[in-house]
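Residue numbers are given in our numbering: position 30 of the sequence shown equals residue 442, and the series is strictly consecutive. Idealized CB from N, CA, C, for every residue including glycine. All remarks here apply to the structure that follows.
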Amino acid sequence: MVPNVSAHTGGTFTIIVSKNGVQPYNVQMLVNDTARWINVDDTTNVTHRILVDANSDGIYDGEDDWKSGNLTDSCEHVNGTKVDENCNAYFEIIFNETSLNMSYDDIVGTYAFTDLVYNQTSGNTTTIYGNVTVYSDKHVTPGFQNTEIINDIEDVEKEKSPILLIIATISAVGAIGLGAMIAFGKKDE
């Protein structure tokens, strides 16, 4: 078994939530990366809610799923502190073992999400769909090789050795015989 090591420290992938939809709506990233949805929709009386289907059961607001709460386009700050603690302009999920309390291999997969756009004036909700696909970032540790492959090659070489020796011997005898026929053949012809 080859030991694997995760070498990716993680980056942040920004998903823009606007009045024109979500961009990009299909995100590809690696384990240890962060998906961050930022609301830039400044339409009056419109909020966005991001729901992520964490367990791929097709239900976006289940007990185990991730929910942003209402996202607004900005939050008021005084001296670097939010005036309303419940105000959020962005929502993020860090796809690592610590944040998700999952094993590395269980994090790998596709997570469907929805942006629920609620217009308080009309009372209408529009749903926009997207996906976050998380790939593994495993590397073989230097200095460790798969010795099973090397042993298999050595076994094949050992099996070939007697056959090659026989072929070489027959070729040598044939070459000597041909050389003798040339050297001692009839001189009349």
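Does the Cβ-Cβ distance between N500 and G481 come in under 8 angstroms? Translated into the one-based positions of the sequence shown, residue 500 becomes position 88. Translated into the one-based positions of the sequence shown, residue 481 becomes position 69. Taking the C-beta atoms as reference points, G481 is found nearer than 8 angstroms to N500.
Does DSSP classify F507 as helix, strand or coil? Along the sequence shown, read from residue 1 onward, the residue named residue 507 stands at position 95. F507: coil per DSSP, three-state reduction.
Should N444 and V429 be called a contact, given that it needs their Cβ atoms to be closer than 8 angstroms? On the sequence shown, position 32 is the one that residue 444 refers to. On the sequence shown, position 17 is the one that residue 429 refers to. The answer is no: Cβ separation not under 8 angstroms.
Check whether the segment 458 to 469 and the segment 572 to 584 are in contact - that is, three or more C-beta pairs closer than 8 angstroms. Contact fails: fewer than three Cβ-Cβ distances are below 8 angstroms.
Measure from the alpha carbon of V529 to the alpha carbon of each residue in G597, G422, N432, then state which is nearest. Counting from one through the sequence shown, the residue named residue 529 turns up at place 117. Ranking G597, G422, N432 by CA distance to the CA of V529 puts N432 first.
V434 and A447 closer than 8 angstroms at C-beta: As a first step, residue 434 is located in the sequence shown; it is residue number 22 there, counting from the start. As a first step, residue 447 is located in the sequence shown; it is residue number 35 there, counting from the start. Cβ distance not < 8 angstroms, so V434 and A447 don't count as in contact.
Measure the C-alpha to C-alpha separation of T424 and E504 and round it to an integer number of angstroms. The sequence position of residue 424 within the sequence shown is 12, counting from 1. The sequence position of residue 504 within the sequence shown is 92, counting from 1. Approximately 9 angstroms, taken between the alpha carbons.
Residue from Y541, V546, A595, I588 whose Cα sits closest to the Cα of G470: Taking the first residue of the sequence shown as position 1, residue 470 is located at position 58. The option with the nearest alpha carbon to G470 is Y541.
Taking the alpha carbon of N536 as the point to measure from, which residue in N457, T421, I519, I427 has its own alpha carbon closest? Position 124 of the sequence shown holds residue 536. When each option's Cα is compared against that of N536, the closest is N457.
When the Cα of F525 is compared with those of T421, W449, L442, M441, which residue comes out closest? As a first step, residue 525 is located in the sequence shown; it is residue number 113 there, counting from the start. Closest in alpha carbon position to F525, among T421, W449, L442, M441, is W449.
What is the DSSP secondary structure of Y523, counted as helix, strand or coil? The sequence position of residue 523 within the sequence shown is 111, counting from 1. The answer is strand: DSSP assigns Y523 an E or B state.
Where does V472 fall in DSSP's three states? Taking the first residue of the sequence shown as position 1, residue 472 is located at position 60. With the sequence shown as reference, residue 472 is identified as Tyr, and Val is not the correct amino acid for it. In the structure shown, Y472 sits in coil (DSSP, three-state: anything other than H, G, I, E or B).
If you compare alpha carbons, which of T538, M514, L576 is closest to H460? If you number the sequence shown from 1, residue 460 lands on position 48. Of the residues T538, M514, L576, the one whose Cα lies closest to the Cα of H460 is T538.
Would the beta-carbon of V546 fall within 8 angstroms of that of M441? Here the question's residue 546 lines up with position 134 in the sequence shown. Here the question's residue 441 lines up with position 29 in the sequence shown. Taking 8 angstroms as the Cβ cut-off, V546 and M441 qualify as a contacting pair.
For T581, name the three-state secondary structure that DSSP assigns. Within the sequence shown, numbered from 1, the residue matching residue 581 stands at position 169. The answer is helix: DSSP assigns T581 an H, G or I state.
Would you check if the distance between the CB atom of Y516 and the CB atom of V544 is smaller than 8 angstroms? By one-based count along the sequence shown, residue 516 stands at place 104. By one-based count along the sequence shown, residue 544 stands at place 132. For Y516 and V544, no; Cβs fall outside 8 angstroms.
Taking buried to mean at least 16 other C-beta atoms within 10 Å of its own C-beta, is V483 buried or exposed? Taking the sequence shown and counting its residues from 1, the one referred to as residue 483 is at position 71. What sits at residue 483 in the sequence shown is Leu, not Val. Around the beta carbon of L483, 16 or more other beta carbons sit within 10 angstroms, so the residue counts as buried.
Among E509, A580, K479, S534, which one has its Cα closest to the Cα of D527? Along the sequence shown, read from residue 1 onward, the residue named residue 527 stands at position 115. For the options E509, A580, K479, S534, the alpha carbon positioned closest to that of D527 is the one of K479.
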